[in-house]
Amino acid sequence: MEMESNFIKTIMEEDLAEGRVKEIVTRFPPEPNAYLHIGHARAIITNFELARMYGGRTNLRFDDTNPVKEDVSFVNAIKDDIQWLGYQPAQVVFGSDYFEESYQLAVRLIKKGLAYVCDLSAEEISHFRGTLTEAGKDSPYRTRTVEENLDLFTRMRSGEFKDGEKTLRAKIDMASPNINMRDPVIYRILHTTHHNTGDEWCIYPMYDFAHPLQDAFEGVTHSLCSLEYVDHRVLYDWFITHCETKHVPHQYEFGRLNITNTIMSKRYLKQLVDSGVVTGYDDPRLPTLVGLRRRGYTPEAIRDFILSTGLSRINSTVSSEMLENSLRNDLIGKVGRYFAVMDPLPVTITNYLSDEVEWLDVLNNADNESLGMRKLAFGRHLFIERSDFAMEKPNKHWKRLSMGLEVRLIHAYFIKCEEVVTNPDGSIKELRCTYDPNTRSGSGFTGRKPNGNLHYVEASTATKAQFNLFEPLLVDSDSDRPLEERINPDSWKIQMGVAEAALAHAKPGDKFQFVRQGFFATDRLSLPGVPCFNQTVELKSRVK
Ligand code: ATP
Ligand code: MG
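Right under this line is the structure:
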């Protein structure tokens, strides 16, 4: 799937055609203060795919101008996620790499009389700023001379002042209808160790100032961001113009992606992890990229999903069903189809007299022969799914096993239930069945029709297995109720069962279709001899 036409593609094509740009250069600028989620995938895929489409390049730039919230562990996690999605940044850079250049451009603004050192406190600044209906008031420090500002700014850098004592502000227009233009702060004092620059700096540039300059330094042509920055664009352009950067980048805004029933706020994700509601950022129920990966999502499915949602100028909410459909479509022809029994009911084949098992040759995926073949065991002792048996045929639609009925065991033989052995409490202990050796799968037998097709696992060669079954983490998606009250208590159910021998050595990340059950991915917490499988997605959508 290719990216369909959208407004940014149109802009890029015009820019190239009219010679305004020679090469498309984009960047993905995450703040290294959290794990990436499926919403970030829209920004990543959009930036990388657009540049690639026109033979351009994309940088990964860590927006690390706020030293307080950031951490190097997030840097590595973000790099891994982008690589996993299949993208290779042209350069990996940090906003903090440009602290010196940004500082020099702030000095340039001061020299042009376009920036001043202000002594107002944060509270006073916000009070002076005015409101949407009321113009702001000039700071009493707005008229400081260039010399005085240069001196004070140098002393801010050298550490003479305490946090919050002074700021550097752009001198724009306190009466502007756009509040962002009312002398925004461009540097603040923070005596904090930065993960990249250590204690070298005690003043840090604000995002609105640093970001356009970083785009300019890197030759970014199309600086794509989400909608909340629309009102910052004039400021972006103001800094580019007045700092007189050699290169002139432009900002374009696209709508954010939201998914029904899915939390995509960093704050809430953190709350779920910190409160222990989920097991960590890679909990398979979370929409983080690490969580989706552990759940069994493929980068191809995520890319397909993101591209199918299109790109528009408004925020959009799409159904989580759409994401699941992209996943099914990707997995269906890609993974082998195996047998696993999650709630095993023992079956003895009374007329299979040998103690040895028979190994049947089976195609791993009948729709994709390149996935090869394997051996599947059949023998005297089997397991079927408890829910595939009913003492009496419940209705005419029952296409499973019941007393006196005959079903096909897929890839093997027809079996007929002759006797039910019960426990003292009345529960079913075992089924005693006969099989018909003439009905072997592939033998061409057409003599009669079975009452359904079931999967099974041969008992003596089976491996024990754990199945993690998931439901949405949140109930009632549109509710305004607090998050803690919306947690689904059944969102992670553990089921112990068995799987066919070939699955005993499944490695973390290996993906399968379990016939009649769904798609599953092997978890990283599998124990030796007991593989653990995460339910990735059901075989069919429940929504019609
Ligand atoms: P915060 O506002 O807490 O920093 P953020 O989601 O904006 O959160 P960033 O690390 O700044 O996090 O995100 C990097 C980029 O990803 C930004 O350009 C942002 O616009 C984009 N992005 C984040 N979430 C979404 C989303 N749901 N849809 C589209 N783009 C998104
Ligand atoms: Mg952000």
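So the sequence shown is numbered by the working numbering: it starts at 112 and just counts up by one. Ideal Cβ positions, reconstructed from N, Cα and C, are used throughout, including at glycine.
Next on the checklist: Let me check you understand the geometry: is the CB of Cys528 closer than 8 Å to at least one non-hydrogen atom of the ligand ATP?
Outcome noted: Against the sequence shown, residue 528 aligns to sequence position 417. No, the ligand ATP has no heavy atom inside 8 Å of this Cβ.
Item to check | the segment 153 to 165 contacting the segment 277 to 286, beta-carbon criterion three pairs below 8 Å | outcome: no
Item to check | Residue range of the alpha helix (DSSP H) that includes Thr265 | outcome: By one-based count along the sequence shown, residue 265 stands at place 154. Run containing Thr265: 257 to 269, per the alpha helix (DSSP H) assignment.
Checklist entry - Taking three-plus beta-carbon pairs below 8 Å as touching, is the segment 449 to 460 in contact with the segment 135 to 153? => result no
Checklist entry - For His302, is the beta carbon positioned less than 8 Å from some heavy atom of the ligand ATP? => result As a position in the sequence shown, residue 302 is number 191, starting the count at 1. Incorrect: His302 has no Cβ contact closer than 8 Å to the ligand ATP.
Checklist entry - Where are the beta strand (DSSP E) runs, 3 residues long or more, that stay fully inside the segment 403 to 436, in chain order? => result Counting only runs of 3+ residues, the beta strand (DSSP E) found wholly inside the segment 403 to 436 occupies 427 to 429, in chain order.
Item to check | Reduced DSSP category for Val568 - H, G, I as helix; E, B as strand; rest coil | outcome: Walking along the sequence shown from the start, residue 568 turns up at place 457. Looking at Val568 - three-state DSSP - the assignment turns out to be strand.
Checklist entry - Rounded to the nearest angstrom, how far is the Cβ of His522 from that of Ser498, given a contact under 8 Å? => result Residue 522 sits at position 411 when you count from the first residue of the sequence shown. Residue 498 sits at position 387 when you count from the first residue of the sequence shown. At roughly 20 Å, the Cβ-Cβ gap does not stay under 8 Å, so His522 and Ser498 are not in contact.
Next on the checklist: Just list the residues that DSSP pairs Cys313 with in beta bridges.
Outcome noted: Position 202 of the sequence shown holds residue 313. BP columns for Cys313 are empty, so no partner.
Checklist entry - Which value, in whole angstroms, describes the spacing of the CA atoms of Tyr198 and Leu542? => result In the sequence shown, the residue the question calls residue 198 occupies position 87. In the sequence shown, the residue the question calls residue 542 occupies position 431. Computed Cα separation, rounded: 53 Å.
Item to check | Close beta carbons around Leu263, own chain, < 6 Å, minus the five adjacent residues each side | outcome: Translated into the one-based positions of the sequence shown, residue 263 becomes position 152. Val228, listed in sequence order.
Item to check | Under 9 Å between C-beta atoms of Glu569 and Gly490 | outcome: As a position in the sequence shown, residue 569 is number 458, starting the count at 1. As a position in the sequence shown, residue 490 is number 379, starting the count at 1. It is a contact, given that the beta carbons lie within the stated cut-off.
Item to check | Residues near Thr303 in its chain [Cβ-Cβ closer than 7 Å; skip 5 each side] | outcome: Taking the sequence shown and counting its residues from 1, one reaches residue 303 at position 192. Setting aside the 5 residues that flank it on each side, Thr303 is surrounded in the same chain by Pro178, Val179, each with a C-beta closer than 7 Å to its C-beta; the list follows chain order.
Next on the checklist: Tell me the rounded alpha-carbon separation between Ala246 and Lys223.
Outcome noted: For the purposes of this step, residue 246 is identified with residue 135 of the sequence shown, where counting begins at 1. For the purposes of this step, residue 223 is identified with residue 112 of the sequence shown, where counting begins at 1. In a straight line, the C-alpha of Ala246 is about 25 Å away from that of Lys223.
Next on the checklist: Any heavy atom of the ligand ATP inside 8 Å of the beta-carbon of Ser337?
Outcome noted: Translated into the one-based positions of the sequence shown, residue 337 becomes position 226. Checking every heavy atom of the ligand ATP against the Cβ of Ser337, one is found closer than 8 Å.
Next on the checklist: In whole angstroms, give me the CA-to-CA distance for Val446 and Asn476.
Outcome noted: The sequence position of residue 446 within the sequence shown is 335, counting from 1. The sequence position of residue 476 within the sequence shown is 365, counting from 1. Those two C-alpha atoms are separated by around 7 Å.
Next on the checklist: Rounded to the nearest angstrom, what separates Glu480 and Tyr449 at their Cα positions?
Outcome noted: Walking along the sequence shown from the start, residue 480 turns up at place 369. Walking along the sequence shown from the start, residue 449 turns up at place 338. So the two alpha carbons sit approximately 14 Å from each other.
Item to check | Opposing strand residues paired with Asp547 [DSSP bridges] | outcome: By 1-based counting over the sequence shown, the position of residue 547 is 436. DSSP lists Phe525 as partners of Asp547.
Checklist entry - According to DSSP, which residues form a beta bridge with Thr169? => result One-based indexing of the sequence shown puts residue 169 at position 58. Note: Thr169 sits in a beta bridge opposite Thr137.
Item to check | His333 beta carbon near the ligand ATP (any heavy atom closer than 8 Å) | outcome: As a first step, residue 333 must be located in the sequence shown, where it is residue number 222. Answer for His333: no, Cβ out of range of the ligand ATP.
Item to check | Per-residue burial, Ala321 [other beta carbons within 10 Å of its own, 16 or more giving buried] | outcome: Translated into the one-based positions of the sequence shown, residue 321 becomes position 210. Buried: at least 16 other Cβ atoms inside 10 Å.
Checklist entry - By the 10 Å Cβ neighbour count, where 16 or more other Cβ atoms means buried, how is Lys282 classified, buried or exposed? => result The residue labelled residue 282 in the question sits at position 171 within the sequence shown. The residue in question, Lys282, is buried, as its Cβ has 16 or more Cβ neighbours within 10 Å.
Item to check | Rounded distance between the beta-carbons of Thr550 and Phe578, thought under 8 Å | outcome: As a first step, residue 578 must be located in the sequence shown, where it is residue number 467. As a first step, residue 550 must be located in the sequence shown, where it is residue number 439. Phe578 to Thr550, Cβ: 30 Å. No contact.
Checklist entry - Taking the alpha helix (DSSP H) that Tyr347 falls in, what are its first and last residues? => result The sequence position of residue 347 within the sequence shown is 236, counting from 1. Its alpha helix (DSSP H) spans residues 344 to 354.
Checklist entry - Below 8 Å, can you find three or more Cβ-Cβ pairs linking the segment 304 to 315 to the segment 196 to 215? => result Enough Cβ pairs lie closer than 8 Å, so yes.
Checklist entry - Expressed to the nearest angstrom, what Euclidean distance is found between the alpha-carbon atoms of Val183 and Thr176? => result Position 72 of the sequence shown, counting from 1, holds the residue named residue 183. Position 65 of the sequence shown, counting from 1, holds the residue named residue 176. C-alpha separation (whole angstroms): 13 Å.
Item to check | For Ile495, the residue or residues it bridges with in DSSP | outcome: The sequence position of residue 495 within the sequence shown is 384, counting from 1. Ile495 pairs with Leu456.
Item to check | At least three beta-carbon pairs within less than 8 Å, the segment 140 to 150 to the segment 399 to 412 | outcome: yes
Checklist entry - Beta-carbon separation of Arg163 and Val331 under 9 Å? => result The residue you call residue 163 lines up with position 52 of the sequence shown. The residue you call residue 331 lines up with position 220 of the sequence shown. No. Outside cutoff.
Item to check | Own chain partners of Pro140 with C-beta closer than 6 Å, once the 5 adjacent residues on each side are dropped | outcome: Numbered from 1 along the sequence shown, position 29 holds the residue referred to as residue 140. Excluding residues within five positions, the ones whose Cβ falls inside 6 Å are Arg172, Asp174.
Item to check | Cβ-heavy atom distance, Gly640 to the ligand ATP, below 8 Å | outcome: Taking the first residue of the sequence shown as position 1, residue 640 is located at position 529. False, no ligand heavy atom lies under 8 Å from that Cβ.
Item to check | Residue range of the beta strand (DSSP E) that includes Asp472 | outcome: Position 361 of the sequence shown, counting from 1, holds the residue named residue 472. For Asp472, the enclosing beta strand (DSSP E) begins and ends at 469 to 474.
Item to check | Per-residue DSSP class, three states only, for Thr647 | outcome: Numbered from its first residue, the sequence shown carries residue 647 at position 536. When secondary structure is reduced to three states using DSSP, Thr647 falls in the strand class.
Checklist entry - Quick one: what's Arg641 bridged to in DSSP? => result As a first step, residue 641 is located in the sequence shown; it is residue number 530 there, counting from the start. Per the sequence presented here, residue 641 reads as Val, with Arg not at that position. Note: Val641 sits in a beta bridge opposite Leu638.
Item to check | Straight-line Cα distance separating Ala226 from Ile314 | outcome: Stepping through the sequence shown from its first residue, residue 314 is reached at position 203. Stepping through the sequence shown from its first residue, residue 226 is reached at position 115. C-alpha separation (whole angstroms): 15 Å.
Next on the checklist: Taking the straight line between their C-alpha atoms, what separation do you get for Glu235 and Arg255?
Outcome noted: Reading the sequence shown from its first residue, position 124 is the one you call residue 235. Reading the sequence shown from its first residue, position 144 is the one you call residue 255. In a straight line, the C-alpha of Glu235 is about 18 Å away from that of Arg255.
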